[in-house]
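When we follow our numbering, the leftmost residue of the sequence shown carries the number 3, and every step to the right adds one.
Here the structure comes first, spelled out in structure tokens, and everything after it is commentary.
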Amino acid sequence: MSVLIIGLAFSQNENDLFRFSKTTFQGDARFESMAGSFGGIGANFGCSQINPAGFARYSSSQAGMAFGVTNTKNSSEFNGTTTDTSKTSVKLSNLGIVFVNDISEERGGFLYSQFGFGYNRIENFTYNTSYQGRQNASLLDGFTADGNGIDPQFLQEYRPFSTHLAYESYLIDFDPSTTSYYSQLTLGDLYHERNTTYKGGINEWFVSFSGNYLNKLYVGGNIGIRTFNYKENYKHSETLLDTVGTSLRSFDYLYNLSIKGTGGNIKLGFIYLPTNNTRIGLAFHTPTFVEMEDNWTANMVGYFNDSTTFIHTDLVPSANYKYKVRTPTRLVGSFAYIFDTYGCINVDLEYVNYRSAKFKGVSSSDNQFYSFEDENKAAKEVFKPALNIRVGGELVIATAFFVRGGFAYYPTAFKPEIKAELDNQKIYSAGLGYRQSNFVIDVAYKTTGYKRNFYAFEGSQTTISTLVNTFVVSATLMF
């Protein structure tokens with residue numbers, strides 16, 4: 003049954019804004035092995051994410067493809083109990099082609115023009131988490147409080163995903179004298195277990211145009227089309243450890259959320275060579291304006307000493323909502339130094355004002371308009387600007403062999419006094435390359451670890467430590 007949550011208690015919040023606004027770096031193996039630090043170097047398909055003027059550094063046409071294998075390990079600590087999970091995914095991380103045209107005889111000063119298009123997977127959401135342990139606070143505590151003052155006959159309309167489910171599965175009851183709800187729980191601890199599966203990512207298709215002016219100034223721009231896909235499915239279970247005076251033994255709460263969106267952006271940039279060995283780059287990224295749609299549903303099962311209660315099919319809630327998201331603008335400054343034929347080093351400084359990210363309502367015949375004033379105000383209060391740092395280098399150890407390394411630092415978007423969902427993130431990377439005639443093969447490895455606090459409901463905190471290891475292999479053909 004499809005319902006609209008009266009009171010507009012939608013699920014969108016500042017964590018959703020952060021999820022769809024934060025991007026790190028993914029691409030071919032050369033790009034990843036140098037921590038995505040290519041704003042001043044150029045001549046790589048990953049430049050479409052950083053500075054599209056990098057395409058102007060191409061002097062020959064090329065095509066490439068890369069695949070990445072990512073393993074994500076999560077260790078959850080909940081009231082002294084640690085639970086480990088692991089998830090491996092294989093994804094196409096980069097696909098691109100660039101055509102180079104010699105225009106040195108056609109236009110004064112411009113030597114080459116480039117037209118490129120391709121694909122980059124710029125964020126990954128595929129992983130699992132799990133936690134378990136003892137706690138007195140229960141998910142039902144919030145469900146009972148959420149329904150107080152609402153007559154049971156209106157729960158499906160006003161509290162379809164919380165109190166309604168608990169009431170229909172006989173986990174809570176109603177006291178008409180106080181117009182409040184109470185649960186079938188005892189005062190003792192409960193054993194909690196929550197298993198969550200996350201899937202999806204952010205993908206970007208791009209079309210790039212660029213030009214080389216006298217091998218001194220390189221300019222470029224691209225149009226990016228981003229697709230957002232995020233799925234979250236969890237099962238939250240609680241088992242009573244004290245059953246004196248109640249027939250309730252345990253219950254399950256199941257929740258499924260699917261978010262899909264499509265949006266566009268424009269990136270503009272240039273690279274200037276003050277000397278033959280130094281390069282300075284600057285790029286501007288417009289916000290990505292995204293049309294989003296959420297679909298979610300929930301269910302509940304109660305287990306009693308002599309029966310099991312299920313929600314009737316007609317009473318199972320589901321809902322969908324359409325809205326818009328504007329991600330932050332970005333400004334990227336880069337400096338690169340070329341050690342003649344021995345290698346190079348590049349530094350990117352990327353300024354992101356997360357406070358400019360916001361939701362916007364959509365009005366249509368099947369979609370009730372919502373202003374998101376409170377959510378956008380809350381986001382401005384908890385977010386702060388961030389300066390992302392990427393450093394990468396490449397060393398030529400023989401005519402055809404390359405060694406690379408990189409480091410990236412992505413500070414949290416949340417103010418220090420806020421209990422951030424995600425801590426500061428540090429990424430380390432390394433890789434090798436081999437070039438023979440018109441063919442290049444590269445491999446890369448990167449690793450990152452961070453902590454975040456997860457709140458299943460008020461009064462329930464889990465600390466999750468994450469370790470992500472990625473291996474990338476790519477091949478490039480010049481023609």
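Note that CB positions come from ideal geometry on N, CA and C, so glycine has one too.
For residue i, does the three-state DSSP call read helix, strand or coil?
| i | result |
| --- | --- |
| HIS166 | helix |
| LEU333 | strand |
| ASN426 | coil |
| PHE374 | coil |
| ALA388 | strand |
| ASN76 | strand |
| LYS382 | helix |
| ASN355 | strand |
| HIS32 | Contrary to the premise, residue 32 reads as Arg rather than His in this sequence. Note: ARG32 maps to helix in three-state DSSP. |
| GLN64 | strand |
| LEU19 | helix |
| ILE52 | helix |
| ALA58 | helix |
| ASP148 | helix |
| THR478 | strand |
| ASP316 | helix |
| ASP143 | helix |
| LEU250 | strand |
Determine the burial state of residue i: buried for a count of at least 16 other Cβ atoms within 10 Å of its Cβ, exposed for fewer.
| i | result |
| --- | --- |
| VAL470 | buried |
| GLU460 | exposed |
| TYR436 | exposed |
| TYR323 | buried |
| ASP18 | buried |
| GLY151 | exposed |
| LEU187 | buried |
| ILE399 | exposed |
| LEU192 | buried |
| LEU141 | buried |
| THR315 | exposed |
| TYR220 | buried |
| GLY82 | exposed |
| ALA11 | In this prediction, ALA11 scores a pLDDT of 43, lower than 50, which makes its location untrustworthy; the coordinate-derived value is nonetheless stated afterwards. Its Cβ having fewer than 16 others within 10 Å, ALA11 is exposed. |
| PHE20 | buried |
| ALA402 | exposed |
Under the DSSP definition of a beta bridge, which residues are partnered with residue i?
| i | result |
| --- | --- |
| GLY283 | ILE273 and SER336 |
| ALA410 | ARG392 and ILE429 |
| VAL292 | GLY265 and VAL327 |
| PHE156 | Paired residue(s): none; PHE156 is not in a bridge. |
| VAL209 | PHE119 and ILE225 |
| ALA300 | TYR257 |
| VAL102 | GLN116 |
| ASP175 | TYR184 |
| LEU242 | LEU192 |
| LYS89 | THR74 |
| VAL405 | LEU397 and LEU434 |
| GLN137 | LEU192 |
| PHE69 | LEU94 and VAL475 |
| SER366 | ASN369 |
| GLY451 | LYS428 and LEU469 |
Closest by CA to residue i, which one among the options?
| i | options | result |
| --- | --- | --- |
| GLY242 | ALA139, GLY265, SER182 and PHE163 | Note that residue 242 is Leu in the sequence shown, not Gly. Nearest C-alpha to LEU242: ALA139. |
| THR464 | THR84, ILE43, TYR60 and ASN46 | THR84 |
| TYR148 | GLN137, PRO162 and GLY135 | In the sequence as presented, Tyr is not what sits at residue 148; that position holds Asp. Among GLN137, PRO162 and GLY135, the Cα nearest to that of ASP148 is on PRO162. |
| ILE99 | PHE145, ALA65 and THR74 | ALA65 |
| SER439 | THR478, LYS428 and ALA446 | THR478 |
| LYS453 | PRO413, THR310 and SER23 | PRO413 |
| PHE1 | GLY120, LEU113 and SER62 | The structure shown does not extend to residue 1, since the chain is modelled only from 3 to 481, so the question has no answer here. |
| THR181 | PHE156, GLU195, GLY202 and PHE403 | PHE156 |
| LEU97 | SER476, MET480 and PHE481 | SER476 |
| PHE371 | TYR220, ASN378 and GLY363 | GLY363 |
| LEU333 | ASN103, GLY283, ILE443 and GLU240 | GLY283 |
| LEU466 | THR131, GLU16 and PRO418 | Sequence inspection shows Ile at residue 466; the Leu mentioned does not correspond to that position. Cα-wise, what sits closest to ILE466 is THR131. |
| LYS218 | GLU352, ILE273, PHE456 and ILE347 | ILE273 |
| TYR457 | GLU79, ALA31, SER35 and PHE69 | GLU79 |
| ASN224 | GLU16, SER367, LEU189 and PHE117 | PHE117 |
| ALA380 | PHE416, ARG136 and ARG406 | PHE416 |
| ILE2 | ASP444, VAL393, THR290 and GLU383 | Outside the displayed range of the chain (3 to 481) lies residue 2, so it cannot be described from this structure. |
| THR199 | THR472, SER320, GLY394 and TYR133 | TYR133 |
| GLU396 | PHE374, GLY451 and GLY345 | GLY345 |
| SER62 | PHE385, GLY247, SER115 and PHE291 | SER115 |
Could you check whether the Cβ of residue i sits closer than 8 Å to any Cβ belonging to chain B?
| i | result |
| --- | --- |
| GLY44 | The structure shown contains no chain B, having only a single protein chain. |
Under 8 Å, with one C-beta from each stretch per pair, do the segment 48-63 and the segment 203-219 reach the 3-pair mark?
Segments in contact, yes.
Under 8 Å, with one C-beta from each stretch per pair, do the segment 231-248 and the segment 165-183 reach the 3-pair mark?
Touching, no.
Below 8 Å, how does it come out for the segment 354-364 and the segment 320-338: are there three or more Cβ pairs, yes or no?
Verdict: yes, contact present.
Decide yes or no for the touch test of the segment 246-258 against the segment 296-308: beta carbon pairs closer than 8 Å, at least 3 of them.
With the cut-off at 8 Å, the segment 246-258 and the segment 296-308 touch.
Whether or not the segment 401-413 and the segment 377-391 are in contact is what I'm after, with contact meaning three or more pairs of Cβ atoms, one per stretch, closer than 8 Å; do they touch?
As far as the Cβ criterion goes, the segment 377-391 touches the segment 401-413, which means the pair count is three or higher.
Using 8 Å as the Cβ pair cut-off and three pairs as the minimum, do the segment 100-114 and the segment 424-432 touch?
Under the three-pair Cβ rule at 8 Å, the segment 100-114 does not count as touching the segment 424-432.
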